[in-house]
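Protein sequence lines, in the order shown, are assigned to chains F and C. So that you can map any letter, position 184 of the first sequence is 184 in this note's numbering, and since no number is skipped, the others follow by simple counting. So that you can map any letter, position 205 of the second sequence is 1205 in this note's numbering, and since no number is skipped, the others follow by simple counting. Don't be surprised by glycine CBs; every beta carbon is placed ideally from N, CA and C.
2 protein chains.
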Amino acid sequence: MATMHDVARLAQVSVSTVSYVLTGTRPISQATRNKVLAAMAELDYQPNAMARGLASRRSRILGLLMPMDERGLGATETAFVTGAAAAASAAGYHLVLSPVGGGDPGDLRRLASQRMLDGVVLMEVQLADERVTVLQEAGVPLVLIGRTGDASTLSYVDIDFDQTVREAVAHLVGLGHRQIVYVNHSAATLASGYGPALRTRDAFAAAMTGHGLDPVMIAAEDSAAGGRAALAAAFARAPELTAVLAMNESAIFGILGELSGRGLSVPDDVSVVSMVTSPQVAELATPALTAMTSPGSALGRIAIEALTRHLDDPGDHRHQQLLPCALEIRGSTAAPRRRQPMGADQ
Amino acid sequence: MATMHDVARLAQVSVSTVSYVLTGTRPISQATRNKVLAAMAELDYQPNAMARGLASRRSRILGLLMPMDERGLGATETAFVTGAAAAASAAGYHLVLSPVGGGDPGDLRRLASQRMLDGVVLMEVQLADERVTVLQEAGVPLVLIGRTGDASTLSYVDIDFDQTVREAVAHLVGLGHRQIVYVNHSAATLASGYGPALRTRDAFAAAMTGHGLDPVMIAAEDSAAGGRAALAAAFARAPELTAVLAMNESAIFGILGELSGRGLSVPDDVSVVSMVTSPQVAELATPALTAMTSPGSALGRIAIEALTRHLDDPGDHRHQQLLPCALEIRGSTAAPRRRQPMGADQ
DNA sequence: ATGAAAGCGCTAACAG
DNA sequence: CTGTTAGCGCTTTCAT
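Shown next, in the form of structure tokens:
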């Protein structure tokens, strides 16, 4: 393994010169730069990351902390990761994914205090997230995906749930639907302070009220069975429902299954819109689902860019940005079928 | 940020003593160890990972290289990652996931040559995988998940596809099925040398032949549409089929959709078994799928254990191990319905 | 535009 | 059982 000294000797310059052609922190004449580059190539030189990190006090490694639960990573999260990785690489950083469970904050504290990460992007942030505290105390620059309850002083990028819900509701109302049920995550998830669930809940209530409609909302366990149960509950609460808006990738198939089990067809009898859903998942269903597609890879890219910008210029301030999901119309939405002859119910 | 010197001064010992209580590489009296530990606690000391790595020439970081494609990580892969992370942590290593695409081997070469990874676990290994060559040339210890074509000199842990297919076929044959179609990954995937697709293909042919049956095999694109097309092809090739064995999580929903589209019920008309499938995905379908569940977390744990064992004792040799998937019977398999009255076709 | 040299914080001989 | 000290390979003043 060639070291910088070897390169310097072969190129007949000092080690500092070699270092400077590498970092570009001071002008080097074209002639000597070429000599050095040639020597590096000849020796197949690779700088030692540890030595560089020790001397410069910057590892050039960024951490992406993601809670890995049993359900796995959906296409949405994956797009996020690949977007982040590409941005990091473009900025000259390595991105390492750390599957630190929300379980042990000590683990995280250790990682952060060992100066092995220059900065961190936090995924799946809770409204009250102790990881944020831990990292701030350790003095690690961080960017959130999602927001804590009071994120006013933090950098974050998040989905614009308000706008997303409004657009989804507008699509359904535009088709003529009046009885729309929102299927959210579970009551336990709501209670735990999961931001997306809470924000969409409020946004749905506001959007429906804005249209002069009654917002019916149901919580569903994250499973097919949960979806089935939720749909049953939905019909109990709103027998005339003609559309379901759901934000629960695990429950959506249960909802569809229960619908067809009741002899109801999508979209003729009931329209379905799935929120924060990847095209891949949307295409799994028959018919393919009209969905609000999350801006996964853009979120990842923007988060990393904000972080590296701050790292390379500490004067750079907090970055706060919301991105809406995009409405992609597929086969699961249509105008409602008239259940009863016009005026018959009067 | 307290350093080792600070700890040594406070504890009134030398830095080396502090270092040795940390590494445990030489005996320390209980008395001084306590002094040192107390000083560490008081200063909230955390060793600097870079300095330690530079001096010891070991980063204590393990890399898990996983290609992240658009489809995302299934529950299977996630279980694998969490199993690996737990094992690494137990062995005193950090595990970083690196989403290096198969795209740029230069990227990987750089990572490896910078001595930032003590060892590497490679996921989704192809039969001919240049990443293996790159890492071997860089002298990075590695363990494969999956196998290259000639893996005789390498360490690996993989699914026992032969055994898994045999068990799945035995289950169906045991129920009375004779016309079983195997839906594999796409022809392109086969051609690219994707081990699991090739090994299961051969295993299926062998298993069916062993039962005196005709092995009908169909390739399917990794999508719902691919699954639908595959099922159509299957009926064209084997009109009397009563069971489908599939190893394609993306196509399976298309297969089920097409089945119900043709008015065929599962499992009464056609039984379905999904291979290398997580319980989570199996439960998404209606009825829930009988599946061969992959030993995800065990694979991850064993791979990391083999790697750390080798790192801590270079004398330790290559580790090669196969683990079968477990048959989990759910609602998608049953005895075939008699299509024609007994003896009527003679 | 270049060189010399002092660390960065830790490990691991080498000495007792 | 403990202390002294020479690096690990690089960055970054300070000189010139």
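Beta carbon of residue i nearer than 7 Å to that of residue j
| i | j | result |
| --- | --- | --- |
| C:ALA1075 | C:SER1223 | no |
| F:ALA303 | F:VAL157 | yes |
| C:ARG1337 | C:ASP1268 | yes |
| C:VAL1021 | C:ILE1028 | yes |
| F:GLN46 | C:GLN1114 | yes |
| F:ASP160 | F:ALA203 | no |
| C:VAL1120 | C:LEU1097 | no |
| C:ILE1207 | C:ILE1218 | One point to set straight first is that residue 1207 of chain C is Ala, not Ile, in the sequence displayed. No, Cβ-Cβ distance for C:ALA1207 and C:ILE1218 is not below 7 Å. |
| C:GLY1193 | C:ALA1151 | no |
| C:VAL1013 | C:MET1004 | no |
| F:VAL165 | F:THR200 | yes |
| F:MET66 | C:THR1082 | no |
| C:LYS1035 | C:ALA1008 | no |
| F:LEU108 | C:LEU1073 | no |
| F:SER155 | F:MET116 | no |
Candidates the options, of which the one nearest residue i by Cα
| i | options | result |
| --- | --- | --- |
| F:PHE80 | F:LEU323, F:PRO336, F:GLY331 | F:LEU323 |
| C:GLY1176 | C:VAL1018, C:VAL1270, C:SER1059, C:HIS1317 | C:VAL1270 |
| F:GLY257 | F:GLU328, F:ALA232, F:PRO239 | F:ALA232 |
| C:HIS1319 | C:PRO1027, C:LEU1062, C:LEU1144 | C:LEU1144 |
| C:ASP1118 | C:ALA1334, C:ARG1309, C:VAL1015 | C:ARG1309 |
| F:ARG178 | F:GLY212, F:MET1, F:ASN184 | F:GLY212 |
| C:ALA1088 | C:LEU1299, C:LEU1073, C:ALA1170 | C:LEU1299 |
| F:ALA205 | F:ILE180, F:ASP312, F:ALA220, F:GLY24 | F:ILE180 |
| C:LEU1190 | C:GLU1167, C:ALA1220, C:GLY1210, C:ALA1168 | C:ALA1220 |
| C:MET1040 | C:ARG1052, C:ASP1006, C:PRO1067 | C:ASP1006 |
| F:GLU305 | F:GLY254, F:PRO141, F:LEU108 | F:PRO141 |
| F:ALA170 | F:GLY146, F:GLY210, F:GLY149, F:VAL15 | F:GLY210 |
| C:LEU1043 | C:ALA1008, C:ARG1057, C:ALA1002 | C:ALA1002 |
| C:LEU1241 | C:ASN1034, C:TYR1182, C:ARG1052, C:ASN1248 | C:TYR1182 |
| F:GLU249 | F:SER186, F:SER59, F:SER56 | F:SER186 |
| C:ASP1313 | C:GLY1263, C:ALA1091, C:VAL1100, C:VAL1266 | C:ALA1091 |
| C:ALA1197 | C:ALA1246, C:PHE1235, C:THR1025 | C:ALA1246 |
| C:THR1349 | C:GLU1077, C:GLY1263, C:HIS1317 | Residue 1349 of chain C lies beyond the range of chain C shown here (1001 to 1346); nothing can be said about it. |
| F:ALA334 | F:VAL266, F:ALA282, F:ARG237, F:LEU284 | F:VAL266 |
| F:LEU284 | C:ALA1225, C:VAL1100, C:THR1133, C:ASP1214 | C:ALA1225 |
| F:ASN48 | C:ALA1238, C:ALA1112, C:GLU1137 | C:ALA1112 |
| F:THR148 | F:ASP214, F:LEU122, F:GLU137 | F:LEU122 |
| F:ALA251 | F:THR78, F:LEU95, F:ALA282 | F:ALA282 |
Rounded distance between the beta-carbons of residue j and residue i, thought under 8 Å
| i | j | result |
| --- | --- | --- |
| F:MET275 | C:LEU1054 | Contact doesn't hold; Cβ gap of about 48 Å is too wide. |
| F:PRO105 | F:GLU124 | Actually they are not in contact, since the Cβ atoms of F:PRO105 and F:GLU124 sit about 15 Å apart, beyond 8 Å. |
| F:ALA84 | F:LEU64 | 6 Å |
| F:SER332 | F:THR290 | 5 Å |
| F:VAL244 | F:VAL272 | 5 Å |
| C:GLY1227 | C:GLY1254 | 3 Å |
| F:GLU167 | F:LEU62 | Wrong, their Cβ atoms sit about 32 Å apart, outside the cutoff. |
| F:GLY146 | F:GLY195 | 5 Å |
Boundaries of the beta strand (DSSP E) in which residue i is found, first to last residue
| i | result |
| --- | --- |
| F:GLU137 | Unbroken run through F:GLU137 is the alpha helix (DSSP H), 130 to 137; no beta strand (DSSP E). |
| F:THR3 | Taken as a continuous stretch (DSSP letters only), F:THR3 belongs to no beta strand (DSSP E), as it is neither H nor E. |
Identified DSSP bridge partners for residue i
| i | result |
| --- | --- |
| F:SER155 | F:VAL143 |
| C:SER1271 | C:ALA1243 |
| F:LEU122 | F:LEU65, F:LEU144 |
| C:ASN1248 | Answer is none; C:ASN1248 lacks a bridge partner. |
| F:ASN184 | F:ALA219 |
| F:GLN320 | F:TYR156 |
| C:ALA1326 | C:THR1293 |
Residue i: CB within 6 Å of a non-hydrogen atom of the ligand GDP
| i | result |
| --- | --- |
| C:ILE1145 | Here there are no bound small molecules, and the ligand GDP is not part of this structure. |
Endpoints, the alpha helix (DSSP H) within which residue i is located
| i | result |
| --- | --- |
| F:ILE302 | 296 to 312 |
| C:GLU1077 | 1075 to 1090 |
| F:GLN280 | 279 to 284 |
| C:VAL1096 | First-last for C:VAL1096: 1094 to 1098, but that is the beta strand (DSSP E), not the alpha helix (DSSP H). |
| C:GLU1042 | 1030 to 1043 |
| F:SER16 | 15 to 23 |
| F:ARG199 | 195 to 210 |
| F:VAL266 | Segment: none, F:VAL266 is in no alpha helix (DSSP H) and carries neither H nor E. |
| F:THR164 | 161 to 175 |
| C:PRO1105 | 1105 to 1113 |
| F:SER59 | Looking at the DSSP string, F:SER59 is not in any alpha helix (DSSP H), and its letter there is neither H nor E. |
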